[in-house]
């Protein structure tokens, strides 16, 4: 897929301003789209929109299909008369520069339960809701049942510290999980710690819990309905402004997810439901010990025997949320890194073959040519590049990787092919200013000489370089437009805390940025 010469901004919705402690789909989201339009930008890139799970990561979601209901705007619920003004009084004092997830989740869930009570009164006559349930019946009920059972087990275990149940779970997982992670999973209601009947989805147990937890299941259905409704309206507004949304689809599913619980045959698990091996990447630019993600690996032969149906449904669903899809960790479709589940880091593992072009042919046969971007970063072999080219997908170029002493560095703009997407940095990188401040003297000097600049504004130097490049598409994180240092970093790969929390303030979007971006559009003929 070739993308015309455009540019845009990378910003996850959680980073938007909001008095409710986390960005949402209310006024600030519409204001950001207006800022994109005023800046002459045509792209809004986001991270995965699923409900966040382990360590609040959007790449570890409880469902590959569901939406992150913490993004639901209380103000829009008020407009729907699902909340009263009094419900939005006495809001806790939240940080306006970071997401305090525990505090936000507690506040929002209680607020949403009030909205659900009002919604439930008219639920059976709400044709829009009934149609939503029909359109999403291939994932909705199972996802909401999963969430409700998790809640049931979390509540049940609040007073079970060092109980027999925990001991039994730890005995099962002593060679798989560290003691701290064992407790995190157990008290977080991971499905592999449920009763044998529920773990194995025995029909009698499923029927029993659908009845027992009916109201909680319906509550989660309501949240999904509201998420998709609010996002659809926001996406339509972006379309009116001629702005495309680039979404993100993680290659792997979270172990503690409705997807793995429902489709065990599609994942490499043992008889107890635990991953036999886990996903990650070996040591690279981002982490000297590699990245140990913990996701279960796919049994690709079973996916193939089913015509890759689960994946195709997942892509269809993602295309409702976005116009273009960035495929996370594209190289895993050619060859993926498998590690023992009890690994302490990612230095020990082995490479295994992925589904290759067969997967993309199946997707194309079912859906036609899909608007994909391949995240082809890390250790990229000739075979991975060949697969990307055979699939006809643009790859990614990161300017922060460009300024070493390699003569054939593929991230230097003069080495680009046209059909690619250039970034100053991604959510996994430091901000451009933070990168420059911590770069080697060689890298700093090379950047200054390459751009004939003094290095006093490294973020805007790299934005200008991205815009001037031959790449069809240029994207830069909002943090770089704001010239933030490392305090604006979104994620540090290989670390377990302090990630995914960054937020900006509403008065940060200054007119001078709009004028600068429009000027670069004009000079380098983007978004014209």
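Numbering (the numbering used here), first residue to last: 10 to 537.
Don't be surprised by glycine CBs; every beta carbon is placed ideally from N, CA and C.
In this text, all values refer to a predicted model and were calculated from it rather than measured experimentally.
Other residues of its chain near residue i: CB distance less than 8 Å, five sequence neighbours each side excluded
i: residue 206; result: 213 and 214
i: residue 92; result: 83, 86, 120, 123, 124 and 127
i: residue 39; result: 243 and 246
i: residue 114; result: 79
i: residue 240; result: 34, 58, 76, 80 and 330
i: residue 100; result: 28, 29 and 116
i: residue 41; result: 20, 25, 53 and 518
i: residue 388; result: 290, 291, 293 and 340
Beta-carbon contacts of residue i that lie in its chain and below 6 Å, excluding the five residues immediately before and after
i: residue 477; result: 533
i: residue 3; result: Here the chain comprises residues numbered 10 to 537, so residue 3 is not present and cannot be evaluated.
i: residue 523; result: 47 and 48
i: residue 479; result: 425 and 427
i: residue 208; result: 282
i: residue 198; result: 159, 162 and 163
i: residue 19; result: 54, 484 and 486
i: residue 178; result: 195 and 202
i: residue 429; result: 403, 404, 406 and 480
i: residue 511; result: 24, 497 and 499
i: residue 11; result: Caution is warranted here: a pLDDT of 46 is assigned to residue 11, below 50, making its placement in the model unreliable, and the coordinate value is therefore given only provisionally. Cβ neighbours of residue 11 beyond the five flanking positions: 428.
Any non-hydrogen atom of the ligand MN closer than 6 Å to residue i Cβ
i: residue 255; result: As far as ligands go, the structure on display features none, and thus does not contain the ligand MN.
Where residue i sits in the DSSP three-state scheme
i: residue 203; result: coil
i: residue 372; result: helix
i: residue 547; result: Residue 547 lies beyond the residue range present for the chain, which begins at 10 and ends at 537; the question has no answer from this structure.
i: residue 186; result: coil
i: residue 256; result: strand
i: residue 11; result: Because residue 11 sits at a pLDDT of 46, beneath the cut-off of 50, its placement in the model cannot be relied upon, and the following sentence gives the value as read from the coordinates. Here residue 11 sits in coil by DSSP.
i: residue 304; result: strand
i: residue 53; result: strand
i: residue 476; result: helix
i: residue 230; result: helix
i: residue 287; result: strand
i: residue 325; result: helix
i: residue 125; result: helix
i: residue 421; result: coil
i: residue 483; result: strand
i: residue 490; result: helix
i: residue 108; result: coil
i: residue 24; result: helix
i: residue 17; result: strand
i: residue 388; result: coil
i: residue 395; result: helix
i: residue 86; result: helix
i: residue 381; result: strand
i: residue 528; result: helix
i: residue 349; result: strand
i: residue 319; result: helix
i: residue 210; result: coil
i: residue 113; result: helix
i: residue 360; result: strand
i: residue 278; result: strand
i: residue 335; result: strand
Assigned exposure category for residue i - 16 Cβ within 10 Å defines buried
i: residue 252; result: buried
i: residue 151; result: buried
i: residue 507; result: exposed
i: residue 284; result: buried
i: residue 458; result: exposed
i: residue 395; result: exposed
i: residue 357; result: exposed
i: residue 276; result: buried
i: residue 378; result: exposed
i: residue 189; result: exposed
i: residue 235; result: buried
i: residue 338; result: buried
i: residue 444; result: buried
i: residue 436; result: buried
For residue i, the residue or residues it bridges with in DSSP
i: residue 218; result: Note: residue 218 sits in no beta bridge, so no partner.
i: residue 330; result: Residue 330 pairs with nothing; no bridge assigned.
i: residue 61; result: 70
i: residue 511; result: 107
Spatial neighbours of residue i in its chain, beta-carbon cut-off 7 Å, leaving aside the 5 residues before and after
i: residue 231; result: 125 and 128
i: residue 268; result: 72, 73 and 262
i: residue 326; result: 74
i: residue 157; result: 222, 225, 226 and 229
i: residue 363; result: 309, 341, 342, 343, 344 and 345
For the stretch 104-119 and the stretch 331-348, state whether three or more C-beta atom pairs, one from each stretch, are separated by less than 8 Å. no
Given 8 Å as the limit, is there contact between the stretch 430-440 and the stretch 485-494, that is, 3 or more CB pairs closer than that? yes
Between the stretch 149-163 and the stretch 266-280, are three or more C-beta pairs nearer than 8 Å? yes
Stretch pair the stretch 218-233 + the stretch 297-305: three plus CB contacts closer than 8 Å: no
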